[in-house]
Amino acid sequence: MQNLDRRAQAIVDAQRALTALNPGQEALPGWFRSWNELKFSVQSLWLEQIVAQHTRSDHEETEALHRRFSEDWLPEMERLDGELQRQALASGLADLHPAVAAALAEEPEPSPRLLELRTEERQLFKEYQTITARQEVEYAGERLTVAAAEARLRTTREQDEREALWRQIKAAELACAPALDTLFGRLLQVRRDIAFESGHPDYASLNWADRADTIASTETLLEAIGEVFQGVERGLHEHRAEALGVQTLRPWDLDVALTVPTTFQLPIEEYVPTAERVLNRLDVQFGDVVRQIRDHGGFDLAPRPGKPNGNICAHSMKEGRSVLVCNFSGGVESFRGLLHELGHAAHHHSISSVPDHVFWDFTGFWEVQEFYAFVFTYIGLLEFFELHAVSEEERRWYLRSTVERIMERFSDVEERTRLELWLYQQEPPTTNEIDAASRRLTRTAGVDWRDLDDVLNKRWQKPHTFKYAFYNIDYAIAMLAALQFVHAYQQDRTASLERLKCSMLLGATAGAQKIFAEAGITYPFQRAQLECARSVLEDWLA
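For the sequence shown, the UniProt record's numbering begins at 1 and goes up steadily by one.
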């Protein structure tokens with residue numbers, strides 16, 4: 001605690017000293033560099049709290065440090081940063097760094113009330129982590145984390161057994177549902193208040209204020225995804241039902257591996273060295289990212305009791321290095337998850353390598369960040385096949401599994417984005433109304449959800465619903481762009497990788513359209529681009 005207080009006090013003192021300078025045009029470059037470094041320092045302290053929540057969420061010291069930082073220090077840091085933002089714009093930042101000035105102009109200096117609301121929202125995120133970290137599955141005399149139980153479900157061939165395990169997983173999740181209902185009700189009100197305090201009629205309008213697209217065009221994209229990819233989804237369901245010997249799929253049939261590959265085993269102990277070899281095949285600079293993370297002890301990959309489910313890549317802007325906190329149980333399927341997080345790391349390391357990069361280069365472009373993560377997932381898997389001479393039969397198995405995961409994502413994107421647009425363009429609805437909307441918007445075609453209304457009601461209770469509203473539409477954009485990149489990669493590996501590396505050097509201040517264009521992708525998408533993405537999936541299924 002003393003270390004946190006000392007470091008936080010030093011940042012606040014430096015912020016106050018910088019506000020007293022009130023620079024003119026001549027002194028602005030040096031003043032701006034100092035401000036940028038301070039923002040990096042704040043991010044480093046914040047990142048430490050995030051990593052701690054994911055590595056030791058049930059530790060008393062973790063909770064105490066989080067509260068100390070988020071309630072006692074961060075509001076004052078944000079208030080002072082608002083003053084620095086105002087001074088920067090008044091001192092001619094538009095001439096020195098027009099892209100940063102434009103970003104700041106879109107996000108006016110926060111009011112004291114807005115700072116309070118953001119602090120409250122962060123505390124609600126922490127409460128979500130605390131609630132979900134308690135989820136455990138009791139099965140066959142064992143106590144399993146949800147991640148470990150889900151991994152076992154994927155390898156459970158007997159239908160009765162996987163139904164029983166699936167129901168136990170859902171029972172663990174539903175046990176937390178009342179607490180999450182209450183928490184989300186509070187979160188809805190806080191987000192509505194944030195929108196009003198920011199000058200917007202609702203939270204959806206606030207989120208679309210600085211986007212290149214509109215709510216209407218987003219709804220059009222969601223509709224097009226459903227139309228273009230419906231044949232792929234239908235074919236996957238038919239193949240799965242036939243392979244499992246069932247007339248109609250039930251929810252517990254969706255995740256199980258159709259035929260467990262046995263040719264190539266990949267224990268979790270081999271994840272890091274395997275990832276290094278795979279990324280080296282793409283480019284030595286990507287392999288270097290793995291080595292850097294390994295050398296400073298930045299890999300925490302295995303699940304354990306009390307460790308929240310999910311995976312994160314936490315990148316320190318100040319130090320230019322990443323920490324990966326994940327929940328993997330071994331095997332090629334979850335190795336794709338490591339490739340995904342390493343895509344984030346490689347992207348962030350690329351930006352950090354650019355001289356004079358700024359804080360704003362790392363923020364506010366989720367669709368771009370996820371694009372690189374999905375690119376590494378897909379082409380990393382293809383390179384993995386070549387590195388290990390995986391049999392043709394096994395390749396087809398993993399590619400089909402990858403297509404299934406992509407289609408699950410597309411369905412999830414459509415369901416949750418439509419739900420969030422409904423949630424955040426009205427007065428906060430009741431829990432019963434949210435449950436009913438979740439049932440109505442769930443895509444059930446090809447799957448029998450009979451007598452499972454309790455599970456359908458709570459399908460909306462997923463991490464991103466709580467922590468990152470509207471994040472899912474960026475997932476859709478990222479996956480579509482990544483599949484288009486895979487198409488180009490298969491046509492000309494060398495040229496496409498060169499474009500990718502060049503695009504990774506562009507920070508968020510360049511804008512999503514320019515970054516995608518540098519990677520060889522036109523954005524916003526036309527329907528023909530969705531059809532190009534579909535062709536990649538069809539090739540993988542052939």
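Ideal Cβ placement from N, Cα and C applies to all residues, glycine included.
Check, Outcome
"Contained alpha helix (DSSP H) runs [length at least 4] in the region 203-284, N- to C-terminal order", "203-208, 215-244 and 271-282"
"C-alpha gap between TRP460 and LEU93, whole angstroms", "42 Å"
"Cα-Cα separation, GLN49 to ARG234", "43 Å"
"One or two residues paired with LEU144 in a DSSP bridge", "VAL137"
"DSSP state of PHE328 mapped onto helix, strand, coil", "coil"
"Cβ neighbour criterion (16 or more within 10 Å) applied to ARG162", "buried"
"Check: LEU441 C-beta below 7 Å from any heavy atom of the ligand NAD", "Summarising the ligand content, the structure contains no ligands, and the ligand NAD is consequently not present."
"Where the alpha helix (DSSP H) containing CYS502 begins and where it ends", "493-504"
"Strand pairing of CYS313, partner residues [DSSP]", "LEU324"
"Neighbourhood of SER391 by C-beta, 6 Å cutoff - its chain only, sequence neighbours within 5 removed", "THR263"
"Sequence-distant residues of its chain with Cβ nearer than 7 Å to ILE473 (five each side left out)", "THR218, VAL413 and THR417"
"CB contact flag (GLU76, VAL12, <8 Å)", "yes"
"Selection from LEU18, ARG67 and ALA8 that minimises the alpha carbon distance to SER41", "ALA8"
"Beta-carbon spacing of LEU114, ARG186 below 8 Å", "no"
"Sufficient close CB pairs (3 or more, under 8 Å) joining the region 357-374 to the region 501-518", "yes"
"Unbroken alpha helix (DSSP H) run spanning LEU452, endpoints", "No alpha helix (DSSP H) contains LEU452, which DSSP labels as neither H nor E."
"Extent of the continuous alpha helix (DSSP H) run through ARG405", "392-423"
"Length of the line joining the Cα atoms of ARG396 and GLY331", "16 Å"
"Cβ pair count under 8 Å reaching 3, the region 332-351 against the region 374-386", "yes"
"Residue from LEU28, THR182, SER496 and GLN490 with nearest C-alpha to TRP540", "GLN490"
"LEU423 and LEU188 closer than 8 Å at C-beta", "yes"
"Alpha carbon of THR494 to alpha carbon of GLU333, nearest angstrom", "27 Å"
"Beta-bridge partners of ASP300, as assigned by DSSP", "VAL325"
"Where GLU106 falls, given that 16 or more other Cβ within 10 Å makes a residue buried", "exposed"
"CB of ARG154 within 8 Å of CB of ALA17, strictly", "no"
"Simplified DSSP state of VAL447, which is helix, strand or coil", "strand"
"With 16 other Cβ atoms within 10 Å as the buried cut-off, status of SER91", "buried"
"Rounded distance between the beta-carbons of GLN15 and LEU38, thought under 8 Å", "6 Å"
"Closest by C-alpha distance to PHE32, when choosing among LEU84, ASP72 and GLU238", "LEU84"
"Where VAL42 falls: helix, strand or coil (DSSP)", "helix"
"Close beta carbons around ALA204, own chain, < 7 Å, minus the five adjacent residues each side", "ILE215, LEU421, TYR424 and GLN425"
"Assigned secondary structure, PRO23 (DSSP; H/G/I helix, E/B strand, else coil)", "coil"
"Rounded distance between the beta-carbons of PHE410 and ALA302, thought under 8 Å", "Actually they do not touch by this definition, with Cβ atoms about 30 Å apart."
"ASP202 at chain D interface by Cβ criterion, 8 Å", "Considering every chain present, this structure includes no chain D. It has just one protein chain."
"Rounded straight-line distance, which links the Cα of PRO429 to that of ALA99", "38 Å"
"Anticipated Cβ contact below 8 Å, THR431 with ASP181, distance rounded", "5 Å"
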